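Beneath this line is the structure, given in structure tokens, with notes to follow.
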Amino acid sequence: MTSTHSRLFLLLAVVGAFACGSDDGDASAAATTSELSDAATMEAVIVASVTPSDLTDGESASASADATVEALLGDCVTSVTTATTTTWTLSACTGPWGLVTVDGTIVGSYRIGRTGIVGTLTVDLVTSEGGTLDFDADITYGTDGSIAVESTASGLGRRGNVTSRTGSYTLNLDGDCVAVDGEWSGTRSDAWTLVVVGYSACSGACPSGTLTRTGVVGGTLAFDGTDTAVFTSTGGESREVSLVCGE
Numbered sequence: 044m045t046s047t048h049s050r051l052f053l054l055l056a057v058v059g060a061f062a063c064g065s066d067d068g069d070a071s072a073a074a075t076t077s078e079l080s081d082a083a084t085m086e087a088v089i090v091a092s093v094t095p096s097d098l099t100d101g102e103s104a105s106a107s108a109d110a111t112v113e114a115l116l117g118d119c120v121t122s123v124t125t126a127t128t129t130t131w132t133l134s135a136c137t138g139p140w141g142l143v144t145v146d147g148t149i150v151g152s153y154r155i156g157r158t159g160i161v162g163t164l165t166v167d168l169v170t171s172e173g174g175t176l177d178f179d180a181d182i183t184y185g186t187d188g189s190i191a192v193e194s195t196a197s198g199l200g201r202r203g204n205v206t207s208r209t210g211s212y213t214l215n216l217d218g219d220c221v222a223v224d225g226e227w228s229g230t231r232s233d234a235w236t237l238v239v240v241g242y243s244a245c246s247g248a249c250p251s252g253t254l255t256r257t258g259v260v261g262g263t264l265a266f267d268g269t270d271t272a273v274f275t276s277t278g279g280e281s282r283e284v285s286l287v288c289g290e
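Last residue of the sequence shown: number 290 in the numbering used here, and the count goes up by one each step with no gaps.
Structure follows, in structure tokens:
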């Protein structure tokens, strides 16, 4: 498995663990709130997926990002690159970006900024479940592997709920490891937030860090480097969540 594949699966593990931890008996509320944080986490997965490996200049960044996406998605993606901009068209893609089928476009533009390469992403995706994932992101790529992201998004969840959100977070990619810190906030019928503090995981190891969510169903999911996380609801009730990691 390549480093990029490993990072994506480590991020996707956050989605599954929080969904399991938040099922407190109110299935509708839990599913709705979980869906909101799922979309935010999937946004981070997509940002990580189109990270350039060559930060020499805008054209090199665009070309290297294109090579990464094609390696990840294979025949279901086509691309057109013009200088510093690449447009990817997805057709019935599955795999690292989720178990459902995904169609749509991703446009990435890269240029030299004051501190290095900066990028903009415009994402317009539709899933086979009827959901959408639309967001715009301004990204700053650090030479140390850090990725600072400011995003705005809107979308339609698989339950038919319209939501909007903003994100401000940092990804750090280092070999087969990924670290995430930051916050997403948004609205549906109620306001919600997802705060990630010190989430870190490497291929072959279990994650550490915390995720805290507010909304219809809220709570904190704490990882301690073992294969068991602890979800604590806003009411103070705790339960263990089994993870598939460390193998």
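Cβ coordinates follow ideal geometry from the N, Cα and C atoms, glycine included.
These numbers were taken from a predicted model, which means no experiment stands behind them.
May I ask you to report which of helix, strand or coil DSSP gives L214?
-> Walking along the sequence shown from the start, residue 214 turns up at place 171. Reduced to three states, the DSSP call for L214 is strand.
T34 by DSSP, collapsed to three states: which one?
-> Residue 34 lies beyond the residue range present for the chain, which begins at 44 and ends at 290; the question has no answer from this structure.
Do the segment 128–135 and the segment 105–116 make contact, defined as three or more Cβ pairs closer than 8 angstroms?
-> yes
Take S281 as the anchor and find which of T158, T271 and T124 has the nearest alpha-carbon.
-> Within the sequence shown, the letter at position 238 stands for residue 281. Looking at the Cα atoms, T271 is the closest of the given residues.
With respect to the beta strand (DSSP E) encompassing L237, which residues constitute its N-terminal and C-terminal limits?
-> Reading the sequence shown from its first residue, position 194 is the one you call residue 237. Unbroken beta strand (DSSP E) run through L237: A234 to C245.
With respect to the alpha helix (DSSP H) encompassing S122, which residues constitute its N-terminal and C-terminal limits?
-> The residue labelled residue 122 in the question sits at position 79 within the sequence shown. Careful: S122 lies outside any alpha helix (DSSP H), inside the beta strand (DSSP E) at V120 to T125.
Outcome for A135 when other beta-carbon atoms lying within 10 angstroms are tallied against a minimum of 16 = Locating residue 135 in the sequence shown gives position 92, counting from the first residue. By the neighbour-count rule (16 or more Cβ atoms within 10 Å), A135 is not buried but exposed.
Just curious, the beta strand (DSSP E) that V223 is in, first and last residue?
-> Start at 1 with the first residue of the sequence shown, and residue 223 comes out as number 180. Counting along the chain, the beta strand (DSSP E) containing V223 begins and ends at C220 to T230.
S251 - DSSP class collapsed to helix/strand/coil | Numbered from its first residue, the sequence shown carries residue 251 at position 208. DSSP places S251 in strand when its eight states are reduced to three.
Integer-rounded CB distance, given that T206 should sit under 8 angstroms from G225 | The residue given as residue 225 occupies position 182 in the sequence shown. The residue given as residue 206 occupies position 163 in the sequence shown. 18 angstroms between Cβ atoms; not a contact.
Contacting residues, own chain, Cβ-Cβ under 6 angstroms from V192 (five flanking each side not counted) | As a working note, residue 192 is residue 149 in the sequence shown. Answer for V192: V90, A180, I182 and Y212, listed in chain order.
For T99: DSSP bridge partner residues = Translated into the one-based positions of the sequence shown, residue 99 becomes position 56. According to DSSP, which records beta bridges pairwise, T99 is partnered with nothing at all.
Just checking, does the segment 97–108 make contact with the segment 165–177 on the three C-beta pairs under 8 angstroms criterion?
-> no
Confirm, please, whether the CB-CB distance from L164 to G151 is below 8 angstroms.
-> The sequence position of residue 151 within the sequence shown is 108, counting from 1. The sequence position of residue 164 within the sequence shown is 121, counting from 1. Yes; because the gap between Cβ atoms is below 8 angstroms, this pair is in contact.
Under the three-state reduction of DSSP, which class applies to G162: helix, strand or coil?
-> As a working note, residue 162 is residue 119 in the sequence shown. Correct three-state label for G162: strand.
Out of curiosity, what's the CA-to-CA distance linking G162 and D219?
-> Numbered from 1 along the sequence shown, position 119 holds the residue referred to as residue 162. Numbered from 1 along the sequence shown, position 176 holds the residue referred to as residue 219. Looking at the two C-alpha atoms, the distance is approximately 23 angstroms.
So, is R208 buried or exposed, given that buried needs 16 or more other C-beta atoms within 10 angstroms?
-> Here residue 208 corresponds to residue number 165 of the sequence shown, with the count starting at 1. With 16 or more Cβ atoms within 10 Å of its Cβ, R208 is classed as buried.
Distance, G198 Cα to S77 Cα = Position 34 of the sequence shown, counting from 1, holds the residue named residue 77. Position 155 of the sequence shown, counting from 1, holds the residue named residue 198. With a pLDDT of 48 at S77, under the threshold of 50, the predicted position of this residue should be treated as unreliable, though the coordinate-derived value follows. Spanning the two alpha carbons is a distance of roughly 14 angstroms.
Check each candidate in T253, T144 and Y184 and name the one with the smallest Cα separation from V239.
-> Here residue 239 refers to the residue found at position 196 of the sequence shown. Cα-wise, what sits closest to V239 is T253.
Since G198 sits in a beta bridge, which residues does DSSP pair it with?
-> Reading the sequence shown from its first residue, position 155 is the one you call residue 198. DSSP, once it has assigned bridges, lists T206 as partnering G198.
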